[in-house]
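Residue numbers (this note's numbering), protein chains in the order written: chain A, 15 to 254; chain B, 777 to 871. Note that the Cβ used here is the ideal one computed from N, Cα and C, for glycine as well. In this text, all values refer to a predicted model and were calculated from it rather than measured experimentally.
Written out as C-alpha cells, the structure is:
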C-alpha cells in the first residue's frame, strides 16, 4: 500500500520486512520481492493511468534502459559483495533525500509536460545505473528514480510516480526472470505475499493519485532516510 | 485528459484483467498451500511464468499504441523491450 501510494515498486519495504520480521534470508527475500514488484506495478499503475499521471513515451525509454541495468545487476549480484552495494545505495539515498527536501515544487500534468530529447538521454542513463543497483539489491529502483526524474529532468512528482509505477514492473520482470532461471525464487512464500501486495497496491495506488505533492515529498524523504538506515547500518558497522 | 486515458485504455484493460486473474489464482494457491505444499509450489511456479508473460504482453500493447500513433522510436523501444523480456522467459523454458 505504501509503495502504491508513493509510486514505488515496493522492494525497499518488502525486503526489510521479509528479512527482519519474517526471518527470511536476504538472498531469498530479494528474488521474491522482484515478483512482488511486478504484481504491485499491475495494480497500482492502473490507478495512475486512469488519472493521466503516466508519460507512456518515458516508460518505453526508461523501461528498456532499466531492464538492461537490472539484468546486469542480477548477474553481477553473484560477484559483487552485497555490503559494497548496500553502502553505495545508502550514500545515494542520503544525498537524494537531502536534495529532494531542498528542491522547489513544480506541478504539471502529463499532457502539458513535454520531455526533451536531452532529458530522455539523461533519464535513460540514470535509469540504467538505477537498474544495476536495483538488480543487485532486488528493489524496484523507484525510490531513486522518482526523485532523480524530479530533480534532474524536472518531471513533476505526480507524473514521475505514475510513470515509475508502470515502468518498474518491466524492470522487475527482467530480474525476476533471471532469478527464476537460476531457481532462486522461494515458491512457498510467493502466493501469500502476492495476495497481500495485490490488495495493498490497489488501495495505495488509489490514494496515491489523490496525494498532495508536498506530502509526497516529505514522505519520500523520510522513506529514503529510513531505507538508508535499514540498508546501511550493518555494512557500515562491519567496516569498523 | 480524455485523449490521454483513451490511448492507454488497452493497457488499463489488460492490467485490470490480470489483477482479477492473479488475485483469484494466488488466493487459491495460498489456500492449497495449507493442504498440499507441493501442489501450491507448482501453482506458484506457473503463476510466475504467467506474470512474466502478461508483462511481455503489456510491452507489446504499448508498442502497438505507439505504432498506431506513428511514433516509430517509442514503438521500436517498446518492441525491443518485448524482445529482451521474451528472451529471458524463453531461456528459462528451454534451458
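For this session: Classify residue 805 of chain B as buried or exposed, calling it buried when 16 or more other Cβ atoms lie within 10 Å of its own Cβ.
Result: Residue mapping note: residue 805 of chain B aligns to position 29 of the second chain, counting from 1. With 16 or more Cβ atoms within 10 Å of its Cβ, residue 805 of chain B is classed as buried.
Exercise. Is it buried or exposed for residue 58 of chain A, if we count other Cβ within 10 angstroms and need 16 for buried?
Worked result: Sequence index remark: in the first chain, residue 58 of chain A carries index 44 (1-based). That one is buried.
Exercise. On the three-state DSSP scale, how would you describe residue 223 of chain A?
Worked result: Counting from 1 along the first chain, the entry for residue 223 of chain A is found at position 209. In the structure shown, residue 223 of chain A sits in coil (DSSP, three-state: anything other than H, G, I, E or B).
Exercise. Thinking C-alpha only, which one of A/209, A/144 and A/213 is nearest residue 182 of chain A?
Worked result: Here the question's residue 182 of chain A lines up with position 168 in the first chain. When each option's Cα is compared against that of residue 182 of chain A, the closest is A/144.
Problem set entry | Cβ-based contacts, 9 Å cut-off: residues of the stretch 46 to 62 of chain A near chain B | 49, 52, 53, 55, 56, 57, 59 and 60
For this session: Would you mind stating whether residue 802 of chain B and residue 70 of chain A have Cβ atoms separated by less than 9 Å?
Result: Position 26 of the second chain, counted from the start, is the residue given in the question as residue 802 of chain B. Position 56 of the first chain, counted from the start, is the residue given in the question as residue 70 of chain A. Cβ atoms of residue 802 of chain B and residue 70 of chain A: not closer than 9 Å.
Exercise. In this structure, does DSSP put residue 169 of chain A in helix, strand or coil?
Worked result: Position 155 of the first chain holds residue 169 of chain A. Residue 169 of chain A falls in the coil class under three-state DSSP.
For this session: Would you check if the distance between the CB atom of residue 194 of chain A and the CB atom of residue 828 of chain B is smaller than 9 Å?
Result: On the first chain, residue 194 of chain A is found 180 positions in, with the first residue counted as 1. On the second chain, residue 828 of chain B is found 52 positions in, with the first residue counted as 1. Yes, they are a contact pair.
Exercise. Out of curiosity, what's the CA-to-CA distance linking residue 192 of chain A and residue 84 of chain A?
Worked result: Residue numbering aside, residue 192 of chain A sits at position 178 when the first chain is read from its first letter. Residue numbering aside, residue 84 of chain A sits at position 70 when the first chain is read from its first letter. Each residue's alpha carbon lies about 10 Å from the other.
Exercise. Straight-line CA distance for residue 852 of chain B to residue 839 of chain B?
Worked result: Within the second chain, the letter at position 76 stands for residue 852 of chain B. Within the second chain, the letter at position 63 stands for residue 839 of chain B. Near 7 Å, if we compare the C-alpha coordinates of residue 839 of chain B and residue 852 of chain B.
Problem set entry | Same chain, Cβ closer than 6 Å to residue 164 of chain A, five either side skipped, listed in chain order | Sequence index remark: in the first chain, residue 164 of chain A carries index 150 (1-based). These residues qualify, in order along the chain: 171 and 174.
For this session: Taking residue 848 of chain B as the query, report the chain A residues whose CB atoms sit under 7 Å from its CB, ordered along the chain.
Result: Residue mapping note: residue 848 of chain B aligns to position 72 of the second chain, counting from 1. In chain order: nothing, as chain A lies at least about 12 Å away.
Exercise. Quick one: is residue 188 of chain A near chain B, going by C-beta distance under 9 Å?
Worked result: The sequence position of residue 188 of chain A within the first chain is 174, counting from 1. It does; some Cβ of chain B falls within 9 Å.
For this session: Alpha carbon to alpha carbon, how far is residue 816 of chain B from residue 109 of chain A? Give it in angstroms, no decimals.
Result: To locate residue 109 of chain A, count along the first chain from 1; it is residue 95. To locate residue 816 of chain B, count along the second chain from 1; it is residue 40. The alpha-carbon atoms of residue 109 of chain A and residue 816 of chain B are separated by roughly 43 Å.
For this session: Please go through the same chain and pick out, in chain order, the residues whose beta-carbon is closer than 6 Å to the beta-carbon of residue 239 of chain A, but skip the five residues on each side of it.
Result: Taking the first residue of the first chain as 1, we reach residue 239 of chain A at position 225. Closer than 6 Å at Cβ, skipping near neighbours: 111.
Problem set entry | Residue-level contact to chain B via CB, residue 102 of chain A, 9 Å cutoff | Here residue 102 of chain A refers to the residue found at position 88 when the first chain is read from its first residue. Not closer than 9 Å to any Cβ of chain B, the Cβ of residue 102 of chain A fails to qualify, so no.
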